[in-house]
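4 protein chains.
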Amino acid sequence: MKILVTGFDPFGDDVINPAIEAVKKLPDTIDGVEIIKLEIPTVFYKSADVVKEKIEKEHPDYVLNIGQAGGRYELTPERVAINVDDARIADNEGQQPIDKPIKEDGDPAYFSQLPIKAMVDYMKKENIPASVSNSAGTFVCNHIMYQTLYLAMTQFPDIKAGFMHIPFLPEQVVERPNTPAMALDDIVKGITAALKAIIAFDGKEDLETIGGKTH
Amino acid sequence: MKILVTGFDPFGDDVINPAIEAVKKLPDTIDGVEIIKLEIPTVFYKSADVVKEKIEKEHPDYVLNIGQAGGRYELTPERVAINVDDARIADNEGQQPIDKPIKEDGDPAYFSQLPIKAMVDYMKKENIPASVSNSAGTFVCNHIMYQTLYLAMTQFPDIKAGFMHIPFLPEQVVERPNTPAMALDDIVKGITAALKAIIAFDGKEDLETIGGKTH
Amino acid sequence: MKILVTGFDPFGDDVINPAIEAVKKLPDTIDGVEIIKLEIPTVFYKSADVVKEKIEKEHPDYVLNIGQAGGRYELTPERVAINVDDARIADNEGQQPIDKPIKEDGDPAYFSQLPIKAMVDYMKKENIPASVSNSAGTFVCNHIMYQTLYLAMTQFPDIKAGFMHIPFLPEQVVERPNTPAMALDDIVKGITAALKAIIAFDGKEDLETIGGKTH
Amino acid sequence: MKILVTGFDPFGDDVINPAIEAVKKLPDTIDGVEIIKLEIPTVFYKSADVVKEKIEKEHPDYVLNIGQAGGRYELTPERVAINVDDARIADNEGQQPIDKPIKEDGDPAYFSQLPIKAMVDYMKKENIPASVSNSAGTFVCNHIMYQTLYLAMTQFPDIKAGFMHIPFLPEQVVERPNTPAMALDDIVKGITAALKAIIAFDGKEDLETIGGKTH
Chain E
1 MKILVTGFDP FGDDVINPAI EAVKKLPDTI DGVEIIKLEI PTVFYKSADV
51 VKEKIEKEHP DYVLNIGQAG GRYELTPERV AINVDDARIA DNEGQQPIDK
101 PIKEDGDPAY FSQLPIKAMV DYMKKENIPA SVSNSAGTFV CNHIMYQTLY
151 LAMTQFPDIK AGFMHIPFLP EQVVERPNTP AMALDDIVKG ITAALKAIIA
201 FDGKEDLETI GGKTH
Chain U
1001 MKILVTGFDP FGDDVINPAI EAVKKLPDTI DGVEIIKLEI PTVFYKSADV
1051 VKEKIEKEHP DYVLNIGQAG GRYELTPERV AINVDDARIA DNEGQQPIDK
1101 PIKEDGDPAY FSQLPIKAMV DYMKKENIPA SVSNSAGTFV CNHIMYQTLY
1151 LAMTQFPDIK AGFMHIPFLP EQVVERPNTP AMALDDIVKG ITAALKAIIA
1201 FDGKEDLETI GGKTH
Chain Y
2001 MKILVTGFDP FGDDVINPAI EAVKKLPDTI DGVEIIKLEI PTVFYKSADV
2051 VKEKIEKEHP DYVLNIGQAG GRYELTPERV AINVDDARIA DNEGQQPIDK
2101 PIKEDGDPAY FSQLPIKAMV DYMKKENIPA SVSNSAGTFV CNHIMYQTLY
2151 LAMTQFPDIK AGFMHIPFLP EQVVERPNTP AMALDDIVKG ITAALKAIIA
2201 FDGKEDLETI GGKTH
Chain G
3001 MKILVTGFDP FGDDVINPAI EAVKKLPDTI DGVEIIKLEI PTVFYKSADV
3051 VKEKIEKEHP DYVLNIGQAG GRYELTPERV AINVDDARIA DNEGQQPIDK
3101 PIKEDGDPAY FSQLPIKAMV DYMKKENIPA SVSNSAGTFV CNHIMYQTLY
3151 LAMTQFPDIK AGFMHIPFLP EQVVERPNTP AMALDDIVKG ITAALKAIIA
3201 FDGKEDLETI GGKTH
């Protein structure tokens, strides 16, 4: 079995992106499964081209995209990606789409194909704060999650895909008062635990644990 | 023109729900448009039956469902409803579905048919804090948004529907330290401004303003 | 009996200060007690001169200074003022003292002479979120609390003094996402309840209720 | 030179206290200065007895007390300790004083004798989020800071003392959603940097940097 894990390069005001930093530190195999690591650009559409190219080359069984969600406290597997780009800031090539569909022929949304409840469970058992998120936002993170799921649904039916957001690193919040952060080692530990969950639940139903929102 | 505005009854630990309290205080007409008010139960499926019945009786042009999102700071028109129930607590009839689709034959998600950016714009111009939200949660609020949009898409093509979340009232946070709240009068003022936006943008495209998330 | 209530004028990036706005809307008498209202400048030392002048003219029994604490969720009677000015921004006359004592001959701190626990109790009974705060900051709010208590301790032994912080107004947070606010009417209602507590506890010990912090 | 660093044992609902965990992991010498480590009980008065006994035995030049402030994002050297115990929960021996002075003959407050601005500066340069705090609370943390400064002022004039609060560990927030945490290694790195600042500023004035609050 083979899992492709991607991480974005830095964007906005940050010179570092914990996503690619954490992905680079993952082990090369987890529980006997090969982990393929890929840096992708924080750019609408181009990020998807890079992922697609790697899928064609490596034929992974799973794709887990990782992205930064500054301001979050926990590692958050995303439940769903929606068919819209709505950028608050420009991406790394200056594109700033407002309320545009990602794929004219795509579904309104795609649900994660990963066992998100089990991923949360495995991470918490490793003492890493984690919870299910119901929104991947509307920037390049949601975009790549949607695009990868679109690819899985339309061109690569043997692949299962999904996305996880991670918090800022401590060094990113030194000048951002009252903003949560997580140490890189803990992020790596959490992603590793999430990958173990994906491997352990291969071919099985996700856990039926409580993890929704009260509204 | 006629707009149906619904509000939930109290649920969980609360004896009051600002949604129905605010809906009850709306004027009967706004800019010449009749406002129909409806209290609905915080119950999966039954809430949708009550809305459907009222639609059949009143033939509104728009439906705006209102619900409480405890912990939010602003009035938040929802962008999208997703086809899943995942309850953290039981609803008012003891149902607590975990990761169940709402409609087996429904789309994965339905986007709001309301001008959410214009609604935010109108509310902020009235000095009411507001922003677009990208998740209506996974409890009865997302459920009724999904169900009403499903009805609009499948049975009532002349109707446009959507949902808006509102914060706690001050009295609800007296024993919840460091939790944001909004005065009932301001919530009513905000909903009224949002309804004015719906009326003003009838037959037009939504505003193309920045309102996405940076991740 | 007579109570002097002061409110600061706007400072920093804000064109309005809820402190003086709320003070202006207080009734002229509460439970038979005369309420004297005074706008004071957000300026180190000069604010104290204005308060002292008014005390000499009006001979109040109590002085309650009111100031804005942007970012707080509740009305917060302050427990203590400390003998230091440490300004993050300049005051309204360009002064920005760093770690300077307010009064060379003053105590390191003065505790509020007002019944802060009873004030919180009265406000919560009116459904206004409130709690005791243990820091008035290090800007002009702490300064005027310290100065007024210094005056009470050294020159006006018949006066009892204290300070209360109040949150932003909704209109101040329209462009400050995820920042708590309170409606002006609720702030006025809360200050009025706090004044009723001061009047009711005149000559008595404060309530012995739980209101500390767990660290 | 010798520095005594103390850390509290667990209290409340927690089975671990990051304070003593971090203190235990400090090096035995920093920049040639001996670091004496001491676990102290989360108990009013008894904690002070334990500190006094160790001071009499070890004759340190500095005392830095470390305590947990659950909910804070940063390492926070405290500016001031106030002469009051006001406990929200019972200490580890069941005592819960409400609004009681710590020392009848003590000052209303004692300011930290440590270079708190330099400590913040050194920690931030190591990429550890840090800021000055103006309240050590009203529980055992403020108590031990006050008591140690009282000892320094009254019995041990050669000692300089002060306190620093630290956040929860990640494992403590796994079941506390949306609560900030800091990895133990980063807390240790931060305390070490703060101790280096204390050593480097021995006999010197503190930095005059901006670090106050805007209210």
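In order, the protein sequence lines correspond to chains E, U, Y and G. The numbers in the first sequence follow my numbering, run straight up by one, and end at 215. The numbers in the second sequence follow my numbering, run straight up by one, and end at 1215. The numbers in the third sequence follow my numbering, run straight up by one, and end at 2215. The numbers in the fourth sequence follow my numbering, run straight up by one, and end at 3215. We treat Cβ as the ideally placed atom computed from N, Cα and C, and that holds for glycine.
>> Taking its Cβ as the centre, do 16 or more other Cβ atoms sit within 10 Å of V51 of chain E, making it buried, or is it exposed?
In response: The C-beta of V51 of chain E has 16 or more other C-beta atoms within 10 Å across all chains shown, which makes the residue buried.
> Pairing CB atoms from the stretch 75-86 of chain E with CB atoms from the stretch 1107-1116 of chain U, are three or more of them under 8 Å?
Replying inline: Contact annotation: the stretch 75-86 of chain E touches the stretch 1107-1116 of chain U, with at least three C-beta pairs closer than 8 Å.
> Whose C-alpha, out of Y:K2117, Y:Y2062 and Y:G2162, is nearest the C-alpha of E2208 of chain Y?
Replying inline: Y:K2117
> So what does DSSP say about E1078 of chain U, is it helix, strand or coil?
Replying inline: Three-state DSSP puts E1078 of chain U in a strand.
> Which of the residues in the stretch 2126-2160 of chain Y, read from start to end, lie with their CB under 7 Å from any CB of chain U?
Replying inline: N2127, I2128, P2129 and S2131
> K124 of chain E CB to nearest chain G CB: under 9 Å?
Replying inline: yes
> If you run the structure through DSSP and keep just helix, strand and coil, what is H143 of chain E?
Replying inline: helix
> With DSSP run on the structure shown, which of helix, strand or coil describes V3051 of chain G?
Replying inline: helix
>> Check for me: the beta strand (DSSP E) holding Q1068 of chain U runs from which residue to which?
In response: Y1062 to Q1068
> Using a Cβ-Cβ cut-off of 6 Å (strictly less than) and excluding sequence neighbours within five positions of K160 of chain E, which residues of its own chain qualify?
Replying inline: Y62 and Q113
> Can you round the beta-carbon distance between G2067 of chain Y and F2008 of chain Y to whole angstroms, since I take them to be within the 8 Å contact cut?
Replying inline: 5 Å
> Is the CB of Y2110 of chain Y under 9 Å away from at least one CB in chain G?
Replying inline: yes
>> For P1018 of chain U and L1169 of chain U, what's the separation of their Cα atoms in angstroms?
In response: 6 Å
> Just the Cα atoms here: how many angstroms apart are A2194 of chain Y and G3203 of chain G?
Replying inline: 46 Å
> If you pair each beta-carbon of the stretch 1139-1146 of chain U with each one of the stretch 1034-1049 of chain U, do three or more pairs fall below 8 Å?
Replying inline: Because the criterion of three Cβ pairs below 8 Å is met, the stretch 1139-1146 of chain U and the stretch 1034-1049 of chain U touch.
> Expressed to the nearest angstrom, what Euclidean distance is found between the alpha-carbon atoms of F3163 of chain G and E3039 of chain G?
Replying inline: Answer to the nearest angstrom: the Cα atoms are 14 Å apart.
> Are I3003 of chain G and I3035 of chain G closer than 9 Å when you measure CB to CB?
Replying inline: Yes, they are a contact pair.
>> Need the endpoints of the beta strand (DSSP E) that I1035 of chain U sits in, please.
In response: V1033 to I1040
>> Does P2157 of chain Y pass the burial test, meaning 16 or more other C-beta atoms within 10 Å, or should it be called exposed?
In response: exposed
> Counting contacts by CB-CB distance shorter than 9 Å, is K3117 of chain G in contact with chain Y?
Replying inline: yes
>> Against A1087 of chain U, what residues of chain E qualify as contacts under a CB-to-CB distance less than 7 Å, listed in chain order?
In response: G212
> Between N1092 of chain U and T1006 of chain U, which are expected to be in contact by the criterion C-beta below 8 Å, what is the C-beta distance as a whole number of angstroms?
Replying inline: About 15 Å; that fails the 8 Å criterion.
> Thinking just about the alpha-carbon of each residue, which of G:V3188, G:E3053, G:L3026 and G:E3021 is nearest to the one in E3126 of chain G?
Replying inline: G:V3188
> Could you give the distance in angstroms between the alpha-carbon of E3074 of chain G and the alpha-carbon of P1010 of chain U?
Replying inline: 38 Å
>> Please list, in chain order, the chain U residues whose beta carbon lies closer than 8 Å to that of D2186 of chain Y.
In response: P1170 and A1183
>> For a quick check, are the C-beta atoms of I1144 of chain U and A1048 of chain U less than 9 Å apart?
In response: yes
>> At the level of alpha carbons, what is the spacing between Y3150 of chain G and V3084 of chain G?
In response: 13 Å
> When the distance is taken between beta carbons, is I1191 of chain U closer than 9 Å to A1069 of chain U?
Replying inline: no
> Nearest to M153 of chain E by alpha carbon, out of E:K103, E:S135 and E:D206?
Replying inline: Ranking E:K103, E:S135 and E:D206 by Cα distance to M153 of chain E puts E:K103 first.
> From E:T179, E:H165 and E:Q172, pick the residue whose C-alpha is nearest to that of P3167 of chain G; which is it?
Replying inline: E:T179
> Curious, which full-length alpha helix (DSSP H) runs of at least 4 residues does the stretch 2092-2160 of chain Y contain?
Replying inline: Fully enclosed alpha helix (DSSP H) runs of 4 or longer: 2116-2125 and 2140-2154.
>> Quick check on this structure: which residue in U:P1097, U:G1071 and U:F1201 has the alpha carbon closest to the alpha carbon of I1172 of chain U?
In response: In the sequence under discussion, the amino acid at residue 1172 of chain U is Gln, which differs from the Ile named in the question. Nearest option by C-alpha distance: U:G1071.
>> Counting only C-beta atoms, is D1099 of chain U closer than 9 Å to chain E at any point?
In response: yes
> Which value, in whole angstroms, describes the spacing of the CA atoms of V3174 of chain G and K2196 of chain Y?
Replying inline: Distance between the alpha carbons of V3174 of chain G and K2196 of chain Y is about 43 Å.
>> Need the endpoints of the alpha helix (DSSP H) that L195 of chain E sits in, please.
In response: L184 to A200
>> Counting only beta-carbon separations shorter than 9 Å, does I40 of chain E have a partner in chain U?
In response: no
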